[in-house]
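S.K.: Here the sequence shown is numbered in the numbering used here, starting from 204 and rising by one per residue. All C-beta atoms in this analysis are idealised placements derived from N, C-alpha and C, irrespective of residue type, glycine included. Sending over a structure as structure tokens; questions will come in a sec.
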Amino acid sequence: MKNLSQVVTSQLIALVSGTLFGLGMMISGMVDPNRVLGFLDITGAWDPSLMFVMGGALAVFMPIYLLVIKKRTAPVCSERFRLSNNHMIDKKLVGGAVLFGLGWGIAGICPGPAVTSISGLNPSMLVFIAAMLLGMVIANLAVNKYGKTKPEKVGVTARS
């Protein structure tokens with residue numbers, strides 16, 4: 204069981220990480236749905252800035268991951284890494300990815316930047332977040348109603 208010091212430390216790390224993520228999203232302009240929609244508009248006025256933001260994030264993350272994180276036996280604030288053992292690409296994964304992509308493409312924003320933009324009290328972002336939370340509740344109810352089933356294969360296996 205964690206003591207109070209460990210709980211406070213993990214909460215502070217979460218706060219700092221979330222703050223850095225939010226600041227990065229705001230500074231890069233990725234909380235603006237027009238920027239995201241511009242990236243998705245490959246036949247019109249394509250805006251490649253999202254690609255550069257993601258590339259910049261990977262350029263910072265990958266060396267740290269390869270040199271530090273990958274060599275660790277456990278995360279800083281937990282007893283062990285909690286990675287999925289499911290390497291099967293199934294109907295549930297594909298369906299969820301399609302729904303996520305449709306929502307991202309229609310709204311022009313994904314959940315991280317949407318949560319980041321709450322502080323601006325933009326009514327469309329608040330509606331997006333409410334709809335996202337409703338979707339999560341509906342998905343949870345559906346999983347509870349129909350139970351957890353074995354993944355149905357769609358013919359592809361992911362490798363780690």
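Have a look at Thr212 and Val279 and give me their C-alpha separation to the nearest angstrom.
M.R.: As a position in the sequence shown, residue 212 is number 9, starting the count at 1. As a position in the sequence shown, residue 279 is number 76, starting the count at 1. Their backbone Cα atoms lie some 10 Å apart in a straight line.
S.K.: Output the residue ranges of the alpha helix (DSSP H) runs that lie fully inside the segment 246-324 and measure 4 residues or longer, sorted by chain position.
M.R.: DSSP runs (the alpha helix (DSSP H)) wholly in the segment 246-324: 252-267, 294-310, 314-319.
S.K.: Determine whether the beta carbon atoms of Pro316 and Val234 lie at a separation below 8 Å.
M.R.: As a first step, residue 316 is located in the sequence shown; it is residue number 113 there, counting from the start. As a first step, residue 234 is located in the sequence shown; it is residue number 31 there, counting from the start. Yes, Cβ-Cβ distance for Pro316 and Val234 is below 8 Å.
S.K.: Looking at Leu240 and Gly298, is the spacing between their C-beta atoms short of 8 Å?
M.R.: Sequence index remark: in the sequence shown, residue 298 carries index 95 (1-based). Sequence index remark: in the sequence shown, residue 240 carries index 37 (1-based). For Gly298 and Leu240, no; Cβs fall outside 8 Å.
S.K.: Run the CB neighbour count on Ser320, radius 10 Å, all protein chains shown included, and call it buried at 16 or more, exposed below.
M.R.: Walking along the sequence shown from the start, residue 320 turns up at place 117. Ser320 comes out buried.
S.K.: With 16 other CB atoms within 10 Å as the buried threshold, where does Val210 fall?
M.R.: Counted from its first residue, the sequence shown places residue 210 at position 7. Classification of Val210: exposed, given that the 10 Å Cβ count is below 16.
S.K.: Using DSSP with H/G/I as helix, E/B as strand and the rest coil, what is Gly227?
M.R.: As a first step, residue 227 is located in the sequence shown; it is residue number 24 there, counting from the start. Three-state DSSP puts Gly227 in a helix.
S.K.: Taking only the alpha-carbon atoms, compute the straight-line gap between Lys294 and Phe303 and give it to the nearest angstrom.
M.R.: Start at 1 with the first residue of the sequence shown, and residue 294 comes out as number 91. Start at 1 with the first residue of the sequence shown, and residue 303 comes out as number 100. Looking at the two C-alpha atoms, the distance is approximately 14 Å.
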